[in-house]
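Below: one structure, written as structure tokens.
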Amino acid sequence: MSLEIELVSPTGYKVPLNTGLFINNEFVSGAHTIDTINPSTGKLITSVQAAETEQVNAAVDAAEKAFHGGWKTSNPRERARLMNKLADLIERDAEDIAQLEALDNGKPFGFSYAVEIPLVLSQFRYFAGFCDKLHGKVIETEGKLSYTVHEPIGVCAGIIPWNVGAIMFSWKVAPAICCGNTIIVKTSEITPLSALKLAALVKEAGFPPGVINIITGYGPTAGEALSRHMKISKVSFTGSLPTGRAIMKAAAETNLKQVTLELGGKSPNIIFDDVEDLDKAVWYSLNGIYAIGGQVCFGGSRLYIQEGIYDAFLEKFKAMAAARKVCDPFSDRGAEQGPQVSETQFKRVLSYIESGKAEGATLYHGGVRKGDTGYFIEPTIFTDVTPDMRIMKEEIFGPVVSITKFKDEDDVIAQANNTTYGLAAGVFTSNVKRAITVSNALEAGTVWVNCYMEIDSSTPFGGYKQSGLGREGGEYVLQDYTQVKAIKINIGL
Numbered sequence: 002m003s004l005e006i007e008l009v010s011p012t013g014y015k016v017p018l019n020t021g022l023f024i025n026n027e028f029v030s031g032a033h034t035i036d037t038i039n040p041s042t043g044k045l046i047t048s049v050q051a052a053e054t055e056q057v058n059a060a061v062d063a064a065e066k067a068f069h070g071g072w073k074t075s076n077p078r079e080r081a082r083l084m085n086k087l088a089d090l091i092e093r094d095a096e097d098i099a100q101l102e103a104l105d106n107g108k109p110f111g112f113s114y115a116v117e118i119p120l121v122l123s124q125f126r127y128f129a130g131f132c133d134k135l136h137g138k139v140i141e142t143e144g145k146l147s148y149t150v151h152e153p154i155g156v157c158a159g160i161i162p163w164n165v166g167a168i169m170f171s172w173k174v175a176p177a178i179c180c181g182n183t184i185i186v187k188t189s190e191i192t193p194l195s196a197l198k199l200a201a202l203v204k205e206a207g208f209p210p211g212v213i214n215i216i217t218g219y220g221p222t223a224g225e226a227l228s229r230h231m232k233i234s235k236v237s238f239t240g241s242l243p244t245g246r247a248i249m250k251a252a253a254e255t256n257l258k259q260v261t262l263e264l265g266g267k268s269p270n271i272i273f274d275d276v277e278d279l280d281k282a283v284w285y286s287l288n289g290i291y292a293i294g295g296q297v298c299f300g301g302s303r304l305y306i307q308e309g310i311y312d313a314f315l316e317k318f319k320a321m322a323a324a325r326k327v328c329d330p331f332s333d334r335g336a337e338q339g340p341q342v343s344e345t346q347f348k349r350v351l352s353y354i355e356s357g358k359a360e361g362a363t364l365y366h367g368g369v370r371k372g373d374t375g376y377f378i379e380p381t382i383f384t385d386v387t388p389d390m391r392i393m394k395e396e397i398f399g400p401v402v403s404i405t406k407f408k409d410e411d412d413v414i415a416q417a418n419n420t421t422y423g424l425a426a427g428v429f430t431s432n433v434k435r436a437i438t439v440s441n442a443l444e445a446g447t448v449w450v451n452c453y454m455e456i457d458s459s460t461p462f463g464g465y466k467q468s469g470l471g472r473e474g475g476e477y478v479l480q481d482y483t484q485v486k487a488i489k490i491n492i493g494l
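If you're matching positions, the sequence shown starts at 2 in the numbering used here and goes up one per residue.
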């Protein structure tokens, strides 16, 4: 059976794709297949090959061979050349990748093409520039020459989520290979298609066999096998808190592999009454929760509005939410919001909406399915919420926002920090002192001031509390993909 197919989007756009597991620079068959579904229609797109323990072992063996066979000590400038070549190929095939993201995930094509692809390109090009800048230090000691070197960890695993597959691929792969590691990427079984396209580009770019391996599989099988594999030295995971705990447990019970976790959030977004441009604050806040149908880990799902502007903000926010274009991303390139990624996620979001109503919150807008085909949910607004409600405590991962008012800085800081998460936060104010004071007080890994959801390759990203461990992005992430060796030479002997 041929693994090569040609996918045709609803608009007639054709994308050649290999549906196999990408191991040692070849596409191979898996243990079984997994169906991937178009969330806009609920219909089958195609089936892809899935890995279990045998295929995971093959991928790890290929990565280990590549690591010890020359990649570990490869010329940093050659690594940079390959990474830049891969970025050039991604830029060339940007339309293909964006089409696959829209088809497989349901997100608007324009978002994928204009936002996601540039972030992917930036990630590879940014870390290509770091390949020859991984310097150690010379340390002054008595009678000895002491210095440090930063060495790659070895074989890494990157387990990526279903919401922004292409971006997450770049976040895991770029820093890992920059530092001289090899990697196995496990895609989500729900949205594997863009990573398979990227696999073909890895080979075309000229990476040696085994440096980058890409597999699809279920978490309890393929993910578990990666987390427990004795030859894997690091796992980087983005996804749910329960799965993150399971990965930490597996790492602890095996070879104590290093673990980086990004586990979601319940991010507060705070609007003070001195905000200079209320319309812009509304626009940022709206996109900060409803982008990709609310399926964003740092979505500003708890909106805190100061009393003096609460009514005006709420009126503007509702009007903009009601006008938001929710539709099949292929039926209208002006689509602002597509469907939830799967029937399971669709039902999960609706169950949270029912929970909010049952616990006494006011359903101010939306809260229902849109249309009768696919997994679309109208942008939803709750008011009259209390901190003990599930919709205020738990990550919904859907187009649902809870809006509440506050009195002053002390009040809102206490409310904002009343969460087990700490991934991100937003602050809107024209007072610089207030912006700095509140930002410093918020228990979050990222705080955006007078903006929201601004991500770039040079800035670290990660969480406080149960939002995770470690950082992704920026120079800080290189600490998580290298190990420091101290060398001391007795120059007097």
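Glycine included, C-beta positions come from ideal geometry on N, C-alpha and C.
Could you tell me how far apart the beta carbons of residue i and residue j are, in whole angstroms, since I believe they sit closer than 8 Å?
i	j	result
F383	V276	Contact flag wrong, Cβ pair sits at about 22 Å.
L515	F170	This structure cannot speak to residue 515, because the chain is shown only from 2 to 494.
Q467	T421	5 Å
Y465	G493	Not a contact, Cβ separation roughly 48 Å.
K108	I293	5 Å
G218	E27	In fact, because the Cβ distance is near 17 Å, the residues do not count as touching under 8 Å.
V342	T192	7 Å
Rounded to the nearest angstrom, what separates residue i and residue j at their Cα positions?
i	j	result
I392	F110	29 Å
F128	P176	6 Å
S237	G220	14 Å
I512	S302	Summary: the structure shown does not reach residue 512, with the chain confined to residues 2 through 494, and so no result is reported for it.
V29	G211	13 Å
D274	T405	14 Å
L227	Q56	11 Å
V369	K326	15 Å
H151	A247	29 Å
F331	V433	43 Å
S431	G295	27 Å
L470	G13	43 Å
P17	A436	49 Å
S286	C298	15 Å
L101	F112	12 Å
P15	S195	The amino acid occupying residue 15 in the given sequence is Lys; Pro does not appear at that position. Between K15 and S195, the C-alpha separation is close to 14 Å.
Looking at the structure shown, is residue i part of a helix, part of a strand, or coil, going by DSSP?
i	result
N491	strand
R391	helix
H69	helix
G181	coil
D36	strand
A95	helix
N85	helix
R325	coil
V450	strand
I215	strand
P153	strand
S123	helix
I382	strand
G159	strand
E143	coil
G357	helix
S302	coil
E444	coil
Compare the C-alpha of residue i against each of the options and name the closest.
i	options	result
P461	R472, I154, S3	R472
V350	F398, A200, P162, P40	F398
Y305	N270, K281, V283, E344	N270
Q480	I154, E316, G361	I154
D385	E190, L315, I213, V342	L315
A99	Y482, N76, A359, R334	R334
I24	W449, Q50, T149	Q50
T74	G21, T183, G130	T183
I185	L202, P162, N214	N214
D105	N491, T244, E190, A282	E190
T483	S113, C157, G144	C157
A59	Y311, H230, Q338, V478	H230
N491	L45, G144, L202, C298	G144
G474	S3, K173, I310, A362	K173
K486	E205, Y148, L262	Y148
N85	V413, I178, L264	I178
Q307	S3, Q416, I488	Q416
Please confirm if the stretch 254-265 is in contact with the stretch 404-415, defined as three or more CB-CB distances below 8 Å between the two stretches. Per the Cβ contact rule, the stretch 254-265 is not in contact with the stretch 404-415 (fewer than 3 Cβ pairs under 8 Å).
Between the stretch 104-119 and the stretch 166-178, do three or more beta carbon pairs fall short of 8 Å? Of all C-beta pairs linking the stretch 104-119 to the stretch 166-178, three or more are shorter than 8 Å, placing the two stretches in contact.
Taking three-plus beta-carbon pairs below 8 Å as touching, is the stretch 131-145 in contact with the stretch 320-327? They do not touch, by the three-pair rule.
Check whether the stretch 416-427 touches the stretch 452-465, taking contact to mean three or more Cβ pairs, one atom from each stretch, closer than 8 Å. Flag = yes, the stretch 416-427 and the stretch 452-465 touch.
Given 8 Å as the limit, is there contact between the stretch 32-50 and the stretch 58-66, that is, 3 or more CB pairs closer than that? Judged by Cβ distances under 8 Å, the stretch 32-50 makes no contact with the stretch 58-66, as fewer than three pairs qualify.
Taking 8 Å as the threshold, find out whether the stretch 40-53 comes into contact with the stretch 338-353 through three or more Cβ pairs. Counting Cβ pairs under 8 Å, three or more are found: they touch.
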